[in-house]
Structures are given as C-alpha cells and as structure tokens.
Amino acid sequence: MNENGDASGGTSASSASKGRTSTTGNALSEGNLAPISIQEYTEYDEILKLRNAALKKEEGDLLAQQERLSVERDHHVRELRRIRDEDASRFNKHPMLNGRYLLLELLGRGGFSEVWKGFDSEDMRIVAVKIHSLNSQWSDERKKTYTRHAMREYAIHQRLLHNRIVRLFDVFEIDDQSFATVLEYCDGTDLESHLHSVKMLPEREARSIVTQVFSGLRYLNEISPPVIHYDLKPGNILFHNGEVRITDFGLSKVVEPDVDDGAKQVMGPPRPVAKWAKEIELTSQGAGTIWYLPPECFESSKTGDAPRISSKVDVWSMGVIFYELLYGVKPFGRDQSQQTILRNDSITNEAHLLTFPAKPTVGQETKDFIRKCLEYRKERRPDVLTLCNDSYLNPAAKNASGTASAGSGNAGSSSRSGSGAALSSVMNGLLDQ
7 MNENGDASGG TSASSASKGR TSTTGNALSE GNLAPISIQE YTEYDEILKL
57 RNAALKKEEG DLLAQQERLS VERDHHVREL RRIRDEDASR FNKHPMLNGR
107 YLLLELLGRG GFSEVWKGFD SEDMRIVAVK IHSLNSQWSD ERKKTYTRHA
157 MREYAIHQRL LHNRIVRLFD VFEIDDQSFA TVLEYCDGTD LESHLHSVKM
207 LPEREARSIV TQVFSGLRYL NEISPPVIHY DLKPGNILFH NGEVRITDFG
257 LSKVVEPDVD DGAKQVMGPP RPVAKWAKEI ELTSQGAGTI WYLPPECFES
307 SKTGDAPRIS SKVDVWSMGV IFYELLYGVK PFGRDQSQQT ILRNDSITNE
357 AHLLTFPAKP TVGQETKDFI RKCLEYRKER RPDVLTLCND SYLNPAAKNA
407 SGTASAGSGN AGSSSRSGSG AALSSVMNGL LDQ
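Residue numbers for the sequence shown follow this note's numbering, beginning at 7 and rising by one.
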C-alpha cells in the first residue's frame, strides 16, 4: 500500500511538475515573465549590452562602408565623365602642341576650355595644358572680348612666382580658333573635391590649409602692383605634394596706384605698398562665386557708383572657406542656388549674424579668427597683411614681416621672362582676326 501510495505520489508529483512547466510555458507565451534570480538577471543584462554594442559597431561599420562606396561611386562617375569628355575632344588623338607639349590625358573641362595633363619634351616635366577654344558661332566682337579677358588673366598670372601659387610657364596659339596656356601640374585634387569626400576636416588640418593660402595672399599683396584674387573658393585651391596652391586668376583685380602718386604703373620695380590705392572700383559686379563674396560686392553707394573693394574681399572668402572646412556647410546662403541668393539678397541679409554649429567642437581662438574674416563692415574687417601678422596664423609673423615683404616683392618681378613674348604673339594674332 505504501508502495502504491509512493507510486501514486510519484505520479502526482510528476504530473504537477508537468503542469507547472505547461503553465509556465503558457505564461511566457502570453508575454508574462518567469521569475529569475539576480544572478540570471545580471547574466542576461550583460549579454544584451554586449549584443547592443556589437550591433552598434556593425551599424557604424556599415555606415562607414556606405560612405566609402559612395565616395568610390562618385570617383567612378567622374572618371566615366572624364573619359567621355576626352573621347569627344578634338584633341583625343593626343597630339604634341607647339612642338613640345604632348597631351597625355584630359583632366577636366568646363565652359570653353579643357585642361590636359601633358609632358613638356624640352624641360622634361609633367605640366597642365589649358586649351581655350573660341566658338565658331561667336561674333568677332565676342571672340575679341573673350580673348582680352583670357589675356588679361595671363598678363597677371605670368609674373607671379611663389610656392603657394600655381606657376604659369607658357602661352601659345594652337590655331585661329584656339590657344593654350601651360601651367604647373599639381598631382593632387582640388580642395572642393577633397571636401566632398571627407565632408569636413579636423581643425588642425583646416588651419594648416588656411595658413598656406594666406601665405600666397601675403605675396599677392606685397608685389607691385598688388593683386586681389577675387575668386577664392575650394575649387581654386589645389593640392600638390601635400601642400596647397592657389589657381585661376580669371577674375583677379590689379590694384591701382594711389591718385596722389602720379601716373598708373603696370609693371616695374617694387614700390611701397602705401603708394597703392587702398580700394579699387569693382567693374565686374555680379561675377565671381556668390557664396564666397562679401556684402560690399552686392552693394552700391547711394550715388549709384560701383562698389569699391580691396584685399578684404579675399579675407572674407577665406573666412567662408575656413568655416566650410570645419563644419561641412557654408555660413551664409547654404542650400541656396546663386540665383536664389542674388534674388533674396541672402548674403547681405544673413551675414549680419554669424553663428557656429554645436558640433564638431572648434576652439575659441579659431572661431575668433573666423569672426575677424567675416566681419560684415569692411571698415572693421582686417586686410590680408594685417591678418598675416595675426598670432593665430603665425606667432612669429610680426617680427618677420619686413624681411618677407622685401624678398617676395623682388621675386614677383623676376618671373616675366619666357612667356611674355608668347603672350604678346597670341594676343596680336587673335585680336587681329
């Protein structure tokens, strides 16, 4: 009997156990939690944290891979476009121009010009050959205007000799519809393309780029006559051997002598900077890249006279570039087309108030420097030479400015030989058509 009872008891216990298991299973399936010990809770908590961390890492890796693939895709798209443009070029047979410049590959094209990577068979070096073509449908007057504009650019560029400025080596006529200029070849990309790939730069890297560009601007303001670049933007800053070069002087302005300093001087021995006018009249209002131009370029005086500008235009442009390098966005007119900016007067309306994003974190000294560059009122904005002596760019600049001025001024006047004769020849040949 006891055995039966024991057996019965055992069966009952087993059934009860199954019942509890079944009940627990049903409870779990209905969303209720079974009681667990503190130790089990700690274990599961740690497991979930590890899984969450792993998923976040995986997400980060996937986002990074997506970014890399996006950059790769853009690179391939640009390369396909380049190949297509090269195939469509009239120079796609890679001729040797002017008896010495062998065209190797098209680097890019825009408007009425093409830029080729070339080989100079006389000086045995890689160069960039920029070919300008005159549209056969243009009127003679338009051809002359285009040619005068191009020749003015090269008359300015040919005398510039500085390690932060792309060198101009030669100018020659190809035929009655085209001419070419030969420039220093830069082995890197431009700052605009680089920024498109990385979105924004570390503060230290951005500061280095800005410092190098200001070195070139100092030179432009110490030669005689001084030059205002007027079209500084990431696309006109090139990389070469890890350093930067300023290029494209198509909109540059030559500073005029002070009205009390006698007749206008175009070339000649260096003269004191004080002898050159502090401001010149802006005769090409509306030209340039709108996002990088200061408010004074959009304003006219009450008398209707053209605005007057100075090297402070380049200072403003560098402030916009510096801001864009650090934050990946422009300070004013962001997400607006140039037409919209002009229509809404976005620069003059927005530039009164400069704000900085919370992220990424940027040092106060850097923000203060950008504020100096983006001072709305040009009367309060420092010029290029003043900022070059700012301790932010170079703490030792104040002590070295005198020596640098003397050296760079002489350097600029020594680069006029070589391409001058070719320049005159091309100008005469094209303008006489």
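A virtual CB, placed ideally from N, CA and C, is assigned to each residue, including glycine.
{"Asked": "7 Å Cβ shell around Y160 - same chain, five flanking residues per side excluded", "Found": "L174, V177, T187, L429"}
{"Asked": "Own chain, CB closer than 8 Å to T217, minus 5 neighbours either side, in chain order", "Found": "L399, N400"}
{"Asked": "Residue environment, P366, which counts as buried when at least 16 other CB atoms sit within 10 Å", "Found": "exposed"}
{"Asked": "Buried/exposed call for R213, threshold 16 Cβ in 10 Å", "Found": "buried"}
{"Asked": "Whole-angstrom C-beta distance between I347 and I252, which should lie under 8 Å", "Found": "With 8 Å as the limit, I252 and I347 do not qualify as a contact, their Cβ atoms being about 24 Å apart."}
{"Asked": "H235 Cβ short of 7 Å to the ligand HEM heavy atom set", "Found": "Judged by which ligands are present, the structure shown has none, so any question about the ligand HEM falls away."}
{"Asked": "Among R314, D320, W282, the one whose alpha carbon lies nearest that of Y298", "Found": "D320"}
{"Asked": "Burial state of R102, where buried means 16 or more other Cβ atoms lie within 10 Å", "Found": "Note that residue 102 corresponds to Met in the displayed sequence, not to Arg. Exposed: under 16 other Cβ atoms inside 10 Å."}
{"Asked": "Residue range of the alpha helix (DSSP H) that includes G294", "Found": "G294 -> no alpha helix (DSSP H), and no H or E assigned at all."}
{"Asked": "Collapsed DSSP secondary structure at A364 in the structure displayed", "Found": "coil"}
{"Asked": "C-beta atoms of L391 and R224 nearer than 8 Å", "Found": "yes"}
{"Asked": "Which listed residue (E190, A312, F304, S258) has its alpha carbon closest to that of D129", "Found": "E190"}
{"Asked": "Minimum length 3: unbroken beta strand (DSSP E) runs contained in the segment 113-174", "Found": "119-126, 131-139"}
{"Asked": "H138 beta carbon less than 8 Å from that of S184", "Found": "yes"}
{"Asked": "Assigned exposure category for L166 - 16 Cβ within 10 Å defines buried", "Found": "buried"}
{"Asked": "Sub-8 Å separation of G334 and M206 beta-carbons", "Found": "yes"}
{"Asked": "L360 and L380 closer than 8 Å at C-beta", "Found": "yes"}
{"Asked": "Closest Cα partner of R387 within the set K378, C394, N395", "Found": "K378"}
{"Asked": "Nearest candidate by alpha-carbon position, reference D396, set R383, L39, T372, K384", "Found": "T372"}
{"Asked": "Sequence-distant residues of its chain with Cβ nearer than 8 Å to Q370 (five each side left out)", "Found": "none"}
{"Asked": "Beta-carbon spacing of G339, I296 below 8 Å", "Found": "yes"}
{"Asked": "Bridge partners - D181, DSSP secondary structure assignment", "Found": "S184"}
{"Asked": "K136 to G66 span [Cα, whole Å]", "Found": "43 Å"}
{"Asked": "Three-way DSSP call (helix, strand, coil) for M324 in this model", "Found": "helix"}
{"Asked": "Spatially closest choice to L197 from S230, V250, D146, V133, by CA coordinates", "Found": "V250"}
{"Asked": "Extent of the continuous beta strand (DSSP E) run through F245", "Found": "243-246"}
{"Asked": "Paired residues, beta bridge with L189 - DSSP", "Found": "A134, L174"}
{"Asked": "Beta-carbon gap between P301 and K318 smaller than 8 Å", "Found": "no"}
{"Asked": "Which residues DSSP lists as bridging I252, in chain order", "Found": "I171, I243"}
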